[in-house]
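Sequential numbering from 1 applies to the sequence shown in this note's numbering. Note that beta-carbon positions come from the ideal geometry of N, C-alpha and C, so glycine has one too. Predicted model only: the values in this text are computed from it and were never measured.
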Amino acid sequence: ITYIDGEKGILEHRGIPIEQLCEHSSYLEVAYLLNYGRLPTEDELNRWTYEITHHTYVHENIKNFMNGFRHDANPMGMLQASVGALSTFYPEAQDIDDEYQRHVAAVRLIAKMPTLAAFAYRHSLGLPYVYPDNDLSYAGNFLSMLFKMAEPKYEPDPRLEKALDVLFILHADHEQNCSAAAVRVVGSSRVDPFSAIAAGCAGLYGPLHGGANVAVLRMLQRIGSVENIPDFLEGVKEGDERLMGFGHRVYKNYDPRARVIRSHVDEVLEATNKESPLLDIAIELEKRALDDDYFTSRKLYPNVDFYSGLIYEALGIPTDAFTVMFAIPRTSGWMAQWMEMMDDPELKIARPRQIYTGPRDTDYVPIDER
């Protein structure tokens, strides 16, 4: 599904470089590519887009379910629970040997994830939910569900629409990470795909996986100004600070996704009429770190999280919803991982083994003798 060469900084989906996909493709086309192994024809893409567009609505009882959360519930916790709840609305999805049901489940999950995410976001603000608008693109519809207020028709800014679509492409899949492994392990029990994807959401919920861009923003805020960068980097070298958004478990070179995101930050700030002093800090921090042998000799280069949080902040997304923005596009990758596993005729349930290190051959001691 996804090829990574960490030494050379290469990322490909089904053999196609990520840079080409971001420049020429769309998120929904990439979602089709991931799940079906090839680029769709024009008719196939139109049909795929139509199916997803017309499955964006969720059952009213799901909306009622989400209304039951506390006003300050974490949006990612709401999303995880809601995705799991979807399995009870589509019992036919349990027929995982039926290729048509697999396809419908993929369509439903990719279509409904932005709706659930937007509902969770607006719930946290105490705002009424906005229903999907089938006249808009995938990214445009999501922006509408996030930000539409009293206007009869929300018209997304094309620059924001494009930037969000590119961000979705960049986060669609990334090989065998924590959440993908969770989808595979849980899915190996032959549970329905909604439950397997809910497991992926749970893996992503953890700050070590889905919360890195929040940590980057907090780091930039703590640095405060460009003038403080030298002292901060010295603190990193002395072990008093951590350089967030640099380094990766796989990449030992510049993360190709970070280059693409960086090219869209200025455009988003212009479209939102916002100035970001944090961007100035980020640019200077990157420059100084890449000019310092201490960091380059340790293969510490910017990763996808270094700039993505700046875009989300410019869009007005609160930090506790950043992981939700990650989960929306990653759904297509999770489904592709799940489908690949389901196609394996030798699939068996995942059963990790252990090395026991506790005591052996001990006798039970009655409670009055302990």
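Beta carbon of residue i nearer than 8 Å to that of residue j
| i | j | result |
| --- | --- | --- |
| Gln80 | Cys178 | no |
| Ala105 | Pro193 | yes |
| Gln337 | Arg184 | yes |
| Gly6 | Asn303 | no |
| Leu204 | Gly210 | yes |
| Met341 | Arg102 | no |
| Ile197 | Trp334 | yes |
| Leu285 | Gln221 | no |
| Ser26 | Leu167 | no |
| Val265 | Leu310 | yes |
| Asn67 | Asp320 | no |
| His248 | Asp255 | yes |
| Ala163 | Val58 | no |
| Arg14 | Arg38 | yes |
Reference residue i, options the options, closest by Cα
| i | options | result |
| --- | --- | --- |
| Ile4 | Asn213, His174, Asp231 | His174 |
| Gly235 | Pro329, Ala289, Gly15, Glu44 | Ala289 |
| Ile371 | Ala271, Lys252, Ala111, Arg257 | Beyond the ends of the chain as shown, which are 1 and 370, falls residue 371; an answer cannot be given. |
| Asp157 | Asn141, Leu34, Ser124 | Asn141 |
| Thr424 | Ser26, Val191, Gly211 | Lying outside 1 to 370, the shown extent of the chain, residue 424 is not represented and no answer is given. |
| Asp450 | Lys274, Trp48, Asp368, Asp344 | This structure gives no information on residue 450, because the portion of the chain shown stretches from 1 to 370. |
| Leu21 | Met149, Asp280, Asp165, Asp133 | Asp165 |
| Phe295 | Asp266, Lys63, Glu238 | Glu238 |
| Pro152 | Asp368, Ala120, Val130 | Val130 |
| Val135 | Asn228, Arg242, Tyr50 | Contrary to the premise, residue 135 reads as Asp rather than Val in this sequence. Taking only the C-alpha atoms, the option nearest Asp135 is Tyr50. |
| Glu270 | Leu109, Ala314, Ser225, Gly245 | Ala314 |
| Glu346 | Glu227, Tyr364, Ser188 | Ser188 |
| Ile317 | Leu143, Tyr364, His54 | Leu143 |
| Gly245 | Glu42, Phe232, Asn213 | Asn213 |
Under the three-state DSSP convention, the category residue i falls into
| i | result |
| --- | --- |
| Pro40 | coil |
| Leu11 | strand |
| Pro75 | helix |
| Tyr154 | coil |
| Tyr121 | helix |
| Thr2 | strand |
| Pro277 | helix |
| Pro302 | strand |
| Ile16 | strand |
| Ala350 | coil |
| Pro345 | coil |
| Asp293 | helix |
| Pro114 | helix |
| Val83 | helix |
Supposed contact pair residue j and residue i - C-beta distance, whole angstroms, cut 8 Å
| i | j | result |
| --- | --- | --- |
| Phe306 | Ala350 | In fact, because the Cβ distance is near 33 Å, the residues do not count as touching under 8 Å. |
| Ser385 | Glu161 | With the chain covering only 1 through 370, there is no way to say anything about residue 385. |
| Ala172 | Ala31 | 7 Å |
| Ala215 | Ala199 | Contact doesn't hold; Cβ gap of about 23 Å is too wide. |
| Thr331 | Met76 | Actually they do not touch by this definition, with Cβ atoms about 13 Å apart. |
| Leu11 | Ile18 | 4 Å |
| Ile223 | Ile281 | 6 Å |
**Prompt:** In chain order, which alpha helix (DSSP H) runs of at least 4 residues are fully inside the segment 206-269?
**Reply:** With a minimum length of 4 residues, the continuous alpha helix (DSSP H) runs that stay inside the segment 206-269 are 207-210, 212-223, 229-237.
**Request:** At 4 residues or longer, and completely inside the segment 19-66: list those alpha helix (DSSP H) runs for me, N to C.
**Result:** The segment 19-66 contains these whole alpha helix (DSSP H) runs: 27-36, 42-53.
**Request:** Kindly provide the ranges of any alpha helix (DSSP H) runs that are 4 or more residues long and lie completely inside the segment 304-329, ordered along the chain.
**Result:** Counting only runs that start and end inside the segment 304-329, the alpha helix (DSSP H) elements of at least 4 residues fall at 305-315.
**Within the segment 149-199, ranges of the beta strand (DSSP E) (whole runs, at least 3 residues)** = You should have found no qualifying run.
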